[in-house]
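Q:
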Amino acid sequence: MSQSNKALFIIFGGTGDLAQRKLYPSLYRLYIKGFLEEQFAVIGTARREWSDEHYQEIVRDSVKKLGGSEEQVEAFSRHFYYQSHNVKDTEHYNTLRDLSDDLDKKYDIGGNRIFYLSMSPNFFGTITSHLKSQNLVNDQGFNRVIIEKPFGTDYESSKALNDEILEAFESEELYRIDHYLGKEMVQNILAFRFSNPLIEQVWNKQFISNIQITLSEELGVEERAGYYDTSGALRDMVQNHIMQIFSLLTMEAPASFNSQEVKEKKMNVLTSLKQLSAEDVKANFVRAQYAHSNKKSLNGYLEEENVDKDSSTETYIAGKIELENDRWSGVPIYVRTGKRMAKKEAQISIVFKKSASPLYDTEETAENIITLYLGPSEGFSMTLNEKKIGMSMDTTIMKLDHLRSEGTIQESPEAYEKLLLDCLNGDRTHFAHWEEVSNSWKYVDAIRQAWDQSNEKLAQYEAGTVGPEEANELLAKDGHEWVWNPK
Ligand code: BG6
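Given below as structure tokens:
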């Protein structure tokens with residue numbers, strides 16, 4: 002049963018790519034499902050001068066292929082208003098406040114406001130302080146601020162950013178989006194682990210040999226080089242998405258899905274991370290950059306537009322993360338992510354220890370492996386052994402797949418859709434809390450610092466491949482290999 006919500010959304014960065022690709026489609030899906038009905042409005046702001054009509058046209062374009070009738074698309078788009086806005090100009094906030102107050106009355110919204118900051122974090126502090134001083138923050142309903150990563154570039158800058166925002170808003174009003182936390186299959190990690198006693202019993206160092214998290218992308222840096230060249234894979238994907246997935250995979254069971262409970266359990270693992278010395282980083286992390294591929298006619302990273310020709314930004318990272326706690330000590334958790342790899346694939350493999358039985362201590366007997374496919378394929382697979390048909394008692398590998406059909410994937414809610422609904426409901430469970438963010442920054446800062454101080458050259462991998470050979474060596478040293486290894 003859907004329940005309709007009341008809110009005024011004020012989107013900073015309303016002309017941007019994220020707004021058009023994700024936010025408007027997600028709001029539309031909530032609208033056709035009845036989570037938003039009549040009592041909502043959206044104000045898009047950005048520097049450009051756009052009319053409401055033009056803005057509504059853009060909104061209609063971004064949602065028209067998502068089902069629903071033409072009338073629904075039209076009616077939805079009529080809730081959208083555009084206000085040209087310079088984030089540094091106090092007077093502009095007064096105009097925005099008047100428009101907000103008018104729309105609040107017009108749609109009978111009751112003062113609920115969601116401020117969505119979809120622009121450079123350099124402006125977060127300026128925006129939030131003006132929202133407060135010019136009374137856009139309202140005392141009738143709720144006030145919630147959603148911010149998009151990057152939350153800073155290291156621990157220090159993220160702390161400064163956080164402190165700045167908290168001068169104007171309470172921490173419970175702040176929603177840090179990590180869209181991976183809204184993905185169906187990422188949320189499924191908890192269901193898979195904690196609703197299946199069969200699984201949870203063996204989810205520990207006694208049975209598990211190693212865990213592998215892969216977030217590989219087929220696309221290169223595209224038009225985002227300006228941002229990416231200062232970020233690299235470590236900050237872009239590890240600090241946030243990978244550390245969150247890692248926490249969900251390794252944390253103890255929370256007593257409920259309450260946001261505080263879940264946060265505490267995640268924090269227990271994040272504070273048990275084995276701290277990294279410069280030698281550990283050298284031994285356990287590989288950074289690399291994609292190189293030109295003649296075979297696939299793909300540019301190398303240094304040939305991409307807006308990339309500094311001497312750039313040493315990593316477009317790929319692989320590493321071994323270790324935890325020092327009862328459940329996990331001694332179990333390596335291998336992670337890797339990169340751009341311009343062979344295929345878009347996000348997956349987690351849990352590799353179990355081999356059978357200890359002398360009966361089946363043979364070459365043919367495989368390790369049991371459970372794979373969670375996070376996207377674009379979604380589902381699970383499990384590798385077991387069974388008896389080979391025939392006279393001998395030899396074994397053969399049996400693979401059980403449970404992959405969702407294309408149709409089911411299409412029907413499942415989008416990450417942003419779920420997260421926007423959670424924010425409307427005041428539920429911060431699937432958002433990143435400050436303690437989590439700050440701990441992951443401290444961890445990745447140690448890696449970054451070790452790299453900055455080292456004069457070792459970046460590894461290279463041919464564009465369109467699975468990554469550098471060094472990443473295979475990383476596992477080989479421990480007697481393991483990557484489960485996902487397309488040729
Ligand atoms: C973003 C990164 O957070 O996640 C991008 O900034 C990356 O560089 C994207 O492409 C990947 O998300 P998804 O949902 O396509 O796997």
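Just add 1 to wherever you are in the sequence shown, counting from 1, and you've got this note's numbering. Don't be surprised by glycine CBs; every beta carbon is placed ideally from N, CA and C. Model, not experiment: these values are computed from the prediction.
Please go through the same chain and pick out, in chain order, the residues whose beta-carbon is closer than 7 angstroms to the beta-carbon of K206, but skip the five residues on each side of it.
A: As a position in the sequence shown, residue 206 is number 205, starting the count at 1. The residues are R328, W329, S330, G331, V332.
Q: Could you compute how far the alpha carbon of I504 sits from the alpha carbon of E171?
A: Past the boundaries of the shown model lies residue 504; the chain is included only from 2 to 488, so the question cannot be answered.
Q: For the stretch 304 to 311 against the stretch 268 to 288, do three or more pairs of beta-carbon atoms, one drawn from each stretch, fall closer than 8 angstroms, so that the two count as touching?
A: no
Q: Take N269 as the anchor and find which of E58, V282, E253, S260 has the nearest alpha-carbon.
A: The residue labelled residue 269 in the question sits at position 268 within the sequence shown. It is E253 whose Cα lies nearest to the Cα of N269.
Q: Look at the Cβ atom of K7, then the Cβ atom of F41, and state whether they are nearer than 8 angstroms.
A: Start at 1 with the first residue of the sequence shown, and residue 7 comes out as number 6. Start at 1 with the first residue of the sequence shown, and residue 41 comes out as number 40. Cβ distance < 8 angstroms, so K7 and F41 count as in contact.
Q: Determine the closest residue to P255 out of G221, P359, L191, A292, with distance taken between C-alpha atoms.
A: On the sequence shown, position 254 is the one that residue 255 refers to. Selected option, being the one with the closest Cα: L191.
Q: Alpha carbon to alpha carbon, how far is I212 from S356? Give it in angstroms, no decimals.
A: Within the sequence shown, the letter at position 355 stands for residue 356. Within the sequence shown, the letter at position 211 stands for residue 212. Near 17 angstroms, if we compare the C-alpha coordinates of I212 and S356.
Q: When you measure from the CB of G376 to every non-hydrogen atom of the ligand BG6, does any distance come out below 7 angstroms?
A: What you label residue 376 is simply residue 375 of the sequence shown in a count that begins at 1. Within the cutoff, so yes.
Q: Could you please give the first and the last residue of the uninterrupted beta strand (DSSP E) stretch that includes M399?
A: Taking the first residue of the sequence shown as position 1, residue 399 is located at position 398. Segment 396 to 404, the beta strand (DSSP E) holding M399.
Q: Go ahead and pull the three-state DSSP assignment for K458.
A: Translated into the one-based positions of the sequence shown, residue 458 becomes position 457. K458: coil per DSSP, three-state reduction.
Q: Looking at C-beta atoms only, is the number of pairs between the stretch 129 to 148 and the stretch 157 to 167 that lie closer than 8 angstroms three or more?
A: yes
Q: Is S217 buried or exposed, if buried means 16 or more other CB atoms sit within 10 Å of its CB?
A: Numbered from its first residue, the sequence shown carries residue 217 at position 216. Flag for S217 reads buried.
Q: In angstroms, rounded to a whole number, what distance separates the CA positions of L220 and Q141?
A: Your numbering for residue 220 matches position 219 in the sequence shown. Your numbering for residue 141 matches position 140 in the sequence shown. Taking the straight line from one Cα to the other gives about 45 angstroms.
Q: Sorry if obvious, but does the Cβ on A226 come closer than 7 angstroms to a heavy atom of the ligand BG6?
A: In the sequence shown, residue 226 corresponds to position 225, counting from 1. No.
Q: Is the beta carbon of D237 within less than 7 angstroms of some heavy atom of the ligand BG6?
A: As a working mapping, residue 237 is identified with position 236 in the sequence shown. True, at least one ligand heavy atom lies under 7 angstroms from that Cβ.
Q: Can you give me the C-alpha to C-alpha distance between D237 and T409, rounded to a whole angstrom?
A: Mapped onto the sequence shown, residue 237 falls at position 236. Mapped onto the sequence shown, residue 409 falls at position 408. For D237 and T409, the distance between alpha carbons rounds to 29 angstroms.
Q: Using a 10 Å radius around the Cβ and a threshold of 16 neighbouring Cβ atoms, would you call A477 buried or exposed?
A: Residue 477 sits at position 476 when you count from the first residue of the sequence shown. Exposed, since its Cβ has fewer than 16 Cβ neighbours within 10 Å.
Q: Of all the beta strand (DSSP E) runs that stay within the bounds of the stretch 290 to 360, which reach a length of 3 or more residues?
A: 317 to 322, 334 to 339, 346 to 353
Q: With distance defined between alpha-carbon atoms, name the residue in N426, A289, S134, A367 nearest to A458.
A: As a first step, residue 458 must be located in the sequence shown, where it is residue number 457. Before going further, note that residue 458 is Lys rather than Ala in the sequence given. For the residues N426, A289, S134, A367, the minimum Cα distance to K458 belongs to A289.
Q: Determine the extent of the beta strand (DSSP E) in which Y117 is found, giving its start and end residues.
A: For the purposes of this step, residue 117 is identified with residue 116 of the sequence shown, where counting begins at 1. Residue range 114 to 118 is occupied by the beta strand (DSSP E) that includes Y117.
Q: Can you check whether the C-beta of K443 is within less than 8 angstroms of a C-beta belonging to chain D?
A: The chain labelled as chain D is not found in the depicted structure, where only one protein chain is given.
Q: Give the secondary structure of K419 by DSSP, where H, G and I count as helix, E and B as strand, and everything else as coil.
A: Taking the sequence shown and counting its residues from 1, the one referred to as residue 419 is at position 418. Reduced to three states, the DSSP call for K419 is helix.
Q: Less than 8 angstroms separating the beta-carbons of L118 and I147?
A: The count along the sequence shown starts at 1 and reaches residue 118 at position 117. The count along the sequence shown starts at 1 and reaches residue 147 at position 146. Cβ atoms of L118 and I147: closer than 8 angstroms.
Q: Taking all protein chains shown into account, do 16 or more other C-beta atoms lie within 10 angstroms of the C-beta of K267, making it buried, or fewer, making it exposed?
A: Mapped onto the sequence shown, residue 267 falls at position 266. K267 should be labelled buried.
Q: State the start and end residues of the unbroken alpha helix (DSSP H) segment that holds A234.
A: Locating residue 234 in the sequence shown gives position 233, where the first residue counts as 1. Looking at the DSSP string, the run of the alpha helix (DSSP H) that includes A234 is 226 to 234.
Q: DSSP on S172, reduced to helix/strand/coil?
A: Along the sequence shown, one-based indexing puts residue 172 at 171. Of the three classes helix, strand and coil, the one that applies to S172 here is helix, per DSSP.
Q: Return yes when the Cβ of I398 is within less than 8 angstroms of the Cβ of M383, no when it is not.
A: Working through the sequence shown from its first residue, we reach residue 383 at position 382. Working through the sequence shown from its first residue, we reach residue 398 at position 397. Taking 8 angstroms as the Cβ cut-off, M383 and I398 do not qualify as a contacting pair.
Q: Below 7 angstroms, is the gap between the Cβ of H180 and the nearest heavy atom of the ligand BG6?
A: Position 179 of the sequence shown, counting from 1, holds the residue named residue 180. Yes, the beta carbon of H180 sits closer than 7 angstroms to at least one heavy atom of the ligand BG6.
Q: With S413 as the anchor, note down where its beta strand (DSSP E) starts and where it stops.
A: For the purposes of this step, residue 413 is identified with residue 412 of the sequence shown, where counting begins at 1. S413 -> no beta strand (DSSP E), and no H or E assigned at all.
Q: Per DSSP, what kind of secondary structure is E387 in: helix, strand or coil?
A: Working through the sequence shown from its first residue, we reach residue 387 at position 386. Residue state, collapsed to three classes: strand.
Q: What would DSSP say about M2, mapped onto helix, strand or coil?
A: One-based indexing of the sequence shown puts residue 2 at position 1. Legend: pLDDT at M2 = 46, less than 50; position of this residue unreliable, no value from coordinates given.
Q: What separation, rounded to the nearest whole angstrom, lies between the Cα atoms of F193 and K340?
A: As a first step, residue 193 must be located in the sequence shown, where it is residue number 192. As a first step, residue 340 must be located in the sequence shown, where it is residue number 339. The alpha-carbon atoms of F193 and K340 are separated by roughly 29 angstroms.
Q: Going residue by residue through the stretch 34 to 83, where are the continuous alpha helix (DSSP H) segments of at least 4 residues, counting only ones entirely within it?
A: 53 to 64, 71 to 78
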